[in-house]
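Accompanying notes for the structure given below.
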Amino acid sequence: MSRIIFAGTPQFSVPSLLAILNSQHTVCAVYTQPDRKAGRGRKLQASPVKLIALEHEINVYQPITLKDETVQTQLKELEADLMVVVAYGLILPKIVLETPRLGCINVHASLLPRWRGAAPIQRALLAGDNTTGITMMQMDVGLDTGGMIKTAGCEILLDDNGQVLHDRLSAMGAELLTNTIDEIGNLPVIAQDDSKATYANKLEKSEAQLDWNEPAIVLERKVRAFNPWPVAQADLFGQTLRIWKAKVIPVFTTEPIGSIVRCQRDGIDIVTSDGILRLLNIQKAGKKPMPVSDFINANPEYLCG
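Here this note's numbering is used: the first residue of the sequence shown is -1, the next is one more, and so on.
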């Protein structure tokens, strides 16, 4: 039975924390990001991981950085066997990585070395990858460059979006983590092939603007990858609409790129550089997402094609 420090912040981390809490191991402390202002009232909100920790009466630490000597001393005094990191969001200095007896392991949402970095789930969708998965990694000072302990793969389905794939990988990570912890120290650690590495840069809101000069398949991937954040958007009918769901219509047309060639209750068809993108679920400013049929019922003047 190991004493474990758990470091994580968003909802993705929660199943992994719960899995350890339901195991034979002991979570001696939880590290998570400081409370952030969120919502319309801009009130301070605790992270999902902090809420679970408090519910289970686990000591919570929320340092701004782990580079502070006082913070490092405090962590050392916990006398942990292992530190488990799942989407924590802070850099772990070398001294922290070496503090737990068995080091620090990370639950990463890709099959390393593909998609090292902050947004592996969304980048896999944007790239049109057919598969992804979870890698259990022995952490080092690099960006997701540590040795691989265990992996588990899964297929990316054609209708997967960022949220659906996030939830699937979160559950997979929790299952693989518990199996790994039970055997930690007795498992081979395999070095990554750096020549095959790709990087999953952090998502930017500016990426969400759809450009009709791109092929329909690329735009459809963006719609899926950016659901639920930052959500794809386009300027149509004199307003900015958020696009929550779309599909590719592989037909050729001589109509100008960006033109609306059909607007019916089953979808709004936009000409792209290659094929047509049919919008299926959209959102007006200040409104909730809605099927295109509801949008047309409220705006019948847009019917065409």
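Even for Gly, the Cβ is constructed at its ideal location relative to N, Cα and C.
Item: Complete runs of the alpha helix (DSSP H) confined to the stretch 20 to 67 [at least 4 residues]; Value: 46 to 53
Item: Within 8 Å, strictly: CB atoms of ALA44 and TYR29; Value: no
Item: Spatial distance of PRO289 from ASN128 (CA atoms); Value: 28 Å
Item: N- and C-terminal bounds of the beta strand (DSSP E) containing ASN104; Value: 102 to 106
Item: DSSP beta-bridge partners of PRO289; Value: ASN279
Item: Opposing strand residues paired with LYS148 [DSSP bridges]; Value: MET134
Item: Validate contact between the stretch 159 to 173 and the stretch 123 to 138 using beta carbons, cut 8 Å, 3 pairs; Value: yes
Item: Buried or exposed (CB count within 10 angstroms, at least 16 for buried), MET81; Value: buried
Item: Reference GLY305, options ASP66, ILE56, GLY273 and GLN262, closest by Cα; Value: A question about residue 305 goes unanswered here, because the residues of the chain that appear run from -1 up to 303.
Item: Sequence-distant residues of the same chain with beta carbon closer than 7 Å to LEU141, five excluded per side; Value: ARG114 and GLY115
Item: Three or more C-beta pairs below 8 Å linking the stretch 36 to 53 and the stretch 6 to 24; Value: yes
Item: Exposed unless 16 or more other CB atoms sit within 10 angstroms - verdict on GLY160; Value: buried
Item: Per-residue DSSP class, three states only, for TYR197; Value: strand
Item: Rounded separation between THR196 and CYS26 - CA only; Value: 35 Å
Item: Residue(s) in a DSSP beta bridge with THR129; Value: GLU153
Item: Which of helix, strand or coil DSSP assigns to ASP180; Value: helix
Item: CA-to-CA distance, LEU64 to ILE56, given in whole angstroms; Value: 19 Å
Item: Proximity to GLU218 [Cα-Cα], best of PRO111, LEU110 and LEU277; Value: LEU277
Item: Residues of its chain near PRO287, where Cβ-Cβ distance is below 8 Å and the 5 sequence neighbours each way are ignored; Value: ARG240, TRP242, ASN279, ILE280 and GLN281
Item: Integer Cβ distance of SER0 from ILE147, believed to fall under 8 Å; Value: With a Cβ gap of about 15 Å, SER0 and ILE147 do not count as contacting.
Item: Reduced DSSP category for ASP305 - H, G, I as helix; E, B as strand; rest coil; Value: Outside the displayed range of the chain (-1 to 303) lies residue 305, so it cannot be described from this structure.
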